[in-house]
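Participant:
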Amino acid sequence: MKFKDRDVFAYDNAQKSIEHERKGAFTRRRMLKASAATLGATLAAQFAPSTVYGDVSGTIVHFAASGKRLSNTLVAVKPLFDKVFPNVKLEVVSKPVSEALTQINTYMGSKSSAFDVVSADHAQFAALHAMDALTDLGPYLKDSEAWLADYDEDVPQMYREMWNIPKGPAPPGFIAGLAPDGNAMMTFYRKDVFDKAGIKPPKTWPEVLEVAKEIHDPARERYAYCAAMARNFWAGYQYFGAIVSWGGHTFVDEPGGNFEPAMSTEEGFQALSHLVELQKYAHPVTANAGEDEVNRVFGNGTALFSPLSWGTAVLNDSSYTDLYREWNMAVSPKGTTPNSDHRALTGGFGFFLPTWGGNKETAFAWSKFMNSGDREDLGGSPLIADAIVGAGGQLSRLSTLKRWSDRKPFFNGLLESFPVCVNSSPIVPEAYAIMGAVGEEVADAVNGQKDVEAALKACDKRVRRIMDDGGHYS
Amino acid sequence: MTGPPAYFRSSQLARQQRKVAYLLLAPAVIILLALAIYPLIYAGTLSFRVDPLYNPKVARFIGWRNFTDLFEDSRFWTSIQLTLSWAFIVVVIQMVLGFLLAIMLDSKIRGSGLLRSLILIPVFISPVAMGLNWRFIFEPVTGLANWILSNGLGFEKYSWLSHVDTALTTLMLVDCWQWTPFVALILLAGMQSISPEIVEAARLDRIRGIKFYIKIVLPLIRPVIMVVILIRLVDEIRMFDLNYIMTEGGPGSSTLLASTYDYTIFKHGHLGLMAACGFLILLLINGVVGIFLNTLYRSEKAARQENIS
Chain A
1 MKFKDRDVFA YDNAQKSIEH ERKGAFTRRR MLKASAATLG ATLAAQFAPS
51 TVYGDVSGTI VHFAASGKRL SNTLVAVKPL FDKVFPNVKL EVVSKPVSEA
101 LTQINTYMGS KSSAFDVVSA DHAQFAALHA MDALTDLGPY LKDSEAWLAD
151 YDEDVPQMYR EMWNIPKGPA PPGFIAGLAP DGNAMMTFYR KDVFDKAGIK
201 PPKTWPEVLE VAKEIHDPAR ERYAYCAAMA RNFWAGYQYF GAIVSWGGHT
251 FVDEPGGNFE PAMSTEEGFQ ALSHLVELQK YAHPVTANAG EDEVNRVFGN
301 GTALFSPLSW GTAVLNDSSY TDLYREWNMA VSPKGTTPNS DHRALTGGFG
351 FFLPTWGGNK ETAFAWSKFM NSGDREDLGG SPLIADAIVG AGGQLSRLST
401 LKRWSDRKPF FNGLLESFPV CVNSSPIVPE AYAIMGAVGE EVADAVNGQK
451 DVEAALKACD KRVRRIMDDG GHYS
Chain B
1001 MTGPPAYFRS SQLARQQRKV AYLLLAPAVI ILLALAIYPL IYAGTLSFRV
1051 DPLYNPKVAR FIGWRNFTDL FEDSRFWTSI QLTLSWAFIV VVIQMVLGFL
1101 LAIMLDSKIR GSGLLRSLIL IPVFISPVAM GLNWRFIFEP VTGLANWILS
1151 NGLGFEKYSW LSHVDTALTT LMLVDCWQWT PFVALILLAG MQSISPEIVE
1201 AARLDRIRGI KFYIKIVLPL IRPVIMVVIL IRLVDEIRMF DLNYIMTEGG
1251 PGSSTLLAST YDYTIFKHGH LGLMAACGFL ILLLINGVVG IFLNTLYRSE
1301 KAARQENIS
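Each protein sequence line maps, in turn, to chains A and B. Heads up: the first sequence begins at 1 in our numbering, then just goes up one per residue. Heads up: the second sequence begins at 1001 in our numbering, then just goes up one per residue.
1. My output table needs one value for Tyr237 of chain A: the three-state DSSP class, helix, strand or coil.
2. Once the 5 residues before and after Ile1216 of chain B are set aside, which same chain residues still bring their CB inside 8 Å of it?
3. Report the rounded CA-to-CA distance for Thr557 of chain A versus Ser50 of chain A, giving the unit in angstroms.
4. Going by the beta-carbon positions, is the gap between Trp147 of chain A and Lys368 of chain A smaller than 8 Å?
5. At the 8 Å Cβ level, is Pro180 of chain A part of the contact set with chain B, yes or no?
6. So, at 8 Å on beta carbons, what are the nonlocal neighbours of Glu277 of chain A in its own chain, with the 5 sequence-adjacent residues on each side left out?
7. Ordered along the chain, which non-local residues of its own chain (more than five positions away) have a Cβ less than 8 Å from that of Leu1233 of chain B?
8. By the three-class DSSP mapping on this structure, what secondary structure does His274 of chain A have?
9. Since I believe Leu137 of chain A is in contact with Leu70 of chain A (beta carbons under 8 Å), could you give me their beta-carbon distance rounded to a whole number of angstroms?
10. At a Cβ threshold of 8 Å, is Gly1250 of chain B touching chain A?
11. Nearest chain B C-beta to Pro166 of chain A closer than 8 Å, yes or no?
12. Could you tell me whether the Cβ atoms of Leu398 of chain A and Pro156 of chain A are closer together than 8 Å?
13. May I have the straight-line CA-CA distance separating Tyr223 of chain A from His283 of chain A, to the nearest angstrom?
14. Of all the residues that make up the region 1029 to 1053 of chain B, which are near chain A by a beta-carbon distance shorter than 8 Å?
15. By the criterion of Cβ-Cβ separation under 9 Å, what are the contact partners of Asp292 of chain A in chain B?
16. In whole angstroms, give me the CA-to-CA distance for Lys167 of chain A and Met435 of chain A.
17. Cα separation between Leu383 of chain A and Leu353 of chain A?
18. Which runs of the alpha helix (DSSP H) at least 4 residues long sit entirely within the region 148 to 193 of chain A? Give them in chain order.
19. Could you spell out where the beta strand (DSSP E) holding Ala65 of chain A opens and where it closes?
20. Closer than 7 Å by C-beta to Ala1276 of chain B: which residues in its own chain qualify, once you throw out the five before and the five after it? Chain order, please.
21. With contact counted as at least three CB pairs below 8 Å, one residue from each stretch, are the region 1219 to 1237 of chain B and the region 1179 to 1186 of chain B in contact?
22. Using a 10 Å radius around the Cβ and a threshold of 16 neighbouring Cβ atoms, would you call Tyr1263 of chain B buried or exposed?
23. Are the CB atoms of Ser245 of chain A and Ser332 of chain A within a distance shorter than 8 Å?
24. Check whether the Cβ atoms of Tyr159 of chain A and Thr337 of chain A sit closer than 8 Å, and answer yes or no.
25. What are the residues of the region 1070 to 1084 of chain B that lie near chain A, defined by any Cβ-Cβ distance shorter than 8 Å?
26. So, does the CB of Ser1126 of chain B fall closer than 8 Å to a CB anywhere in chain A?
27. Residues of the region 92 to 106 of chain A in Cβ contact with chain B at a cutoff of 8 Å, in chain order, please.
28. Is the CB of Gln238 of chain A under 8 Å away from at least one CB in chain B?
29. Mapping DSSP to helix, strand and coil, what is Trp310 of chain A?
30. Alpha carbon to alpha carbon, how far is Asp55 of chain A from Leu43 of chain A?
31. Taking Cβ to Cβ, would you say Val422 of chain A is nearer than 8 Å to Gln238 of chain A?
32. Touch check for the region 78 to 98 of chain A and the region 311 to 328 of chain A: three-plus C-beta pairs under 8 Å?
33. Quick one: any contact between the region 280 to 297 of chain A and the region 225 to 240 of chain A, if contact means 3 or more CB pairs under 8 Å?
34. Look at the alpha carbon of Phe1136 of chain B and the alpha carbon of Glu293 of chain A, and state the distance between them as a whole number of angstroms.
35. For Met263 of chain A and Tyr473 of chain A, I'd like the C-alpha separation in whole angstroms.
36. If you measure from the beta carbon of Asn109 of chain A to each beta carbon in chain B, is any gap under 8 Å?
Structure (structure tokens):
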């Protein structure tokens, strides 16, 4: 391998990142970030970009939730980007995911100019648009027709459109964000346990209950079921993941229409009743778990199955769990009514350029680089996806998902779920408020503090008030 | 109306002194206005508005509706009820255990100096770091608490923080672990400020042991006790950090204390409702403190009159 000046430059930048992370305490989080930078630098040594933009300079500040999947993927790709834009300084600022999403709203609500690029959850985009925080990427993509065609071909349409918010309040064609990160709610199961019991991943909710009953073994600390049921959007997502599979919706005539809440319905009742019933076979953490707690008990082998779990590549990561080969994923189950079907709630994090941020052209260049595929003639490289996957990320591009799927069963789950994906939340600014309110009621129901019907009626009442406040009925 | 004498008011020196006084006061007044009065007024106006964080364009005045919404919300009342029970129970436990601990530390046993330093450690730990540690300790399958219970004592493992019946009690345990030493230390300082003559007189009168602490010490350190109760009550009513870090108000709403409930409203983006809830919590704290101080004042007055008569 022959090293060039640019390789040395990439190593130098990675070294600076590591030193920066070592300031203060050497925590696990900092260590992971430093190792992502090292990975990026190693890949950068093999990277020979076809074009180098030495004349572009400036500083870009990117805000993202911290962790392997989000901020660390940025850190891993940075050394590659540095070789293409050697005079651009990229800074990654991160906060824990539990707080980052609220902080993004707060920053944008105050028209903060602190960040040039922000990674935001799909459910936030309508709210960000209502705050006038989003920059239309359309004009920036005008000169990148071939790149856009490649992106359109490789990223599933349904998934891509989530960031175009075409059904929301934005004008048609408004491209609010590009999303390198792909995600869906799917079934997680321990293949070894299922094989031993001679059962297959359940396809319907009644089968889910049977499977849970069969593999539940609390005496040996092997709990059948686990899900994120904390009293906020986590529990809300569980419920929405279930209701869509029974053919129900948040609103009567979703999408669009008059936004009349429709959770206190037969579909809603079936969805919540099954979640309540599943608690009998639940790992104890389920009652108040967020995604981290769920992954931990999946990783330590005390929970065996979840019909609905937000995707994460961490369970196929040998540095996270010894069971990384055993965790397999499948499309989420469906109900048994005529309108039921497999419908995977889809989410993920997309990049947007805040209206008040600076260096728009350079910020866009970074955003485009992170979203590039394997094609080197379009400014991409297979190394970009390698850096993202290596750091713990998950992808939205089908070609790169396929390339890695033999080593990451989770990516097979994504490939299976993308064709049946539906929006994880209605595309309205109130999405998070709705998720939170519904999540509280669902958490009360699964913990026996409210009966199912009362919880569903409360969901409808609270969502109606939220939508009324948002001026949707006037 | 009284004031400075006329010759002083009219003198040039007095005018200059007044200017200096205003100048010296100015920084404090500006800081108070900017950081306390303005936010309070702003929060007051906010509490009468719909002002969603996620959609500022629909913000508008809605009168008392945020308050009526809260009054009609059973979750709000549950959180207030939980908060009051929490504050009462936790303060009683901390006072009783703190008093016993203070008696122990007051004795001249060997190593009591070292013990005094050691028991203070929990007070200095950040509630966030402590909360995270206790969360791991109470983790149902791999936590230390269950490991000791099952391996050491032969009990079955239990889901301390994941069960609606025990989550709040577990939080109380952790809070008492952190704050009982603080209570003990203040009470100890009160005990050690009792005049040696009084202690000696009690001994001569053969008042010893528990009787000594109940008949002599408790009445003498009563003002200290009242101050500690007041500090702990206010702290416990506005409890947030430990509650948020360890359970976030769950499972369900079983540990949803008022401040955490208010923060949840903020997280959902309802700024007007959050401000209204904040004001009600403020009123609650003031109400409890007011009742407490009033009771204290009356009992002091009654005790003084009893002494006189």
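Think of the CB as a built atom: it goes at the ideal place given N, C-alpha and C, for glycine as much as any other residue. For clarity, every value in this text was computed on a predicted model and none was experimentally measured.
Facilitator: In short:
1. helix
2. The residues are Ile1194, Ile1198, Val1199, Ala1202, Ile1207.
3. The structure shown does not extend to residue 557 of chain A, since chain A spans only 1 to 474, so no value can be given for it.
4. yes
5. By this cut-off, Pro180 of chain A is not an interface position.
6. Leu209
7. Ala1087, Val1091, Val1288, Val1289, Phe1292
8. DSSP, read as helix, strand or coil, puts His274 of chain A in helix.
9. Not really, about 20 Å apart at Cβ, beyond 8 Å.
10. yes
11. Low confidence applies here, because Pro166 of chain A scores a pLDDT of 44, under 50, leaving its location unreliable; read the following figure in that light. It does not: the Cβ of Pro166 of chain A has no partner Cβ on chain B nearer than 8 Å.
12. yes
13. 5 Å
14. Val1050, Pro1052, Leu1053
15. Result: empty, since nearest Cβ-Cβ is about 11 Å, beyond 9 Å.
16. Any reading at Lys167 of chain A must be qualified, since the residue scores a pLDDT of 48, below 50, and its modelled position is unreliable; the value itself is stated next. Their Cα atoms are separated by approximately 19 Å.
17. 24 Å
18. 157 to 161
19. 58 to 65
20. Ser1047, Asn1066, Phe1067, Leu1070
21. yes
22. When all chains shown are included, Tyr1263 of chain B counts as buried.
23. yes
24. No.
25. Those residues of the region 1070 to 1084 of chain B that come within reach of chain A (Cβ to Cβ, closer than 8 Å) are Arg1075.
26. Taking Cβ atoms only, chain A never reaches closer than 8 Å to Ser1126 of chain B, which makes this a no.
27. Thr102, Asn105, Thr106
28. no
29. strand
30. Take the alpha-carbon of Asp55 of chain A and the one of Leu43 of chain A: they are about 24 Å apart.
31. No, Cβ-Cβ distance for Val422 of chain A and Gln238 of chain A is not below 8 Å.
32. no
33. At 8 Å Cβ cutoff, the stretches touch.
34. 11 Å
35. 18 Å
36. It is Gly, not Asn, that sits at residue 109 of chain A in the sequence shown. Chain B contact via Cβ: present.
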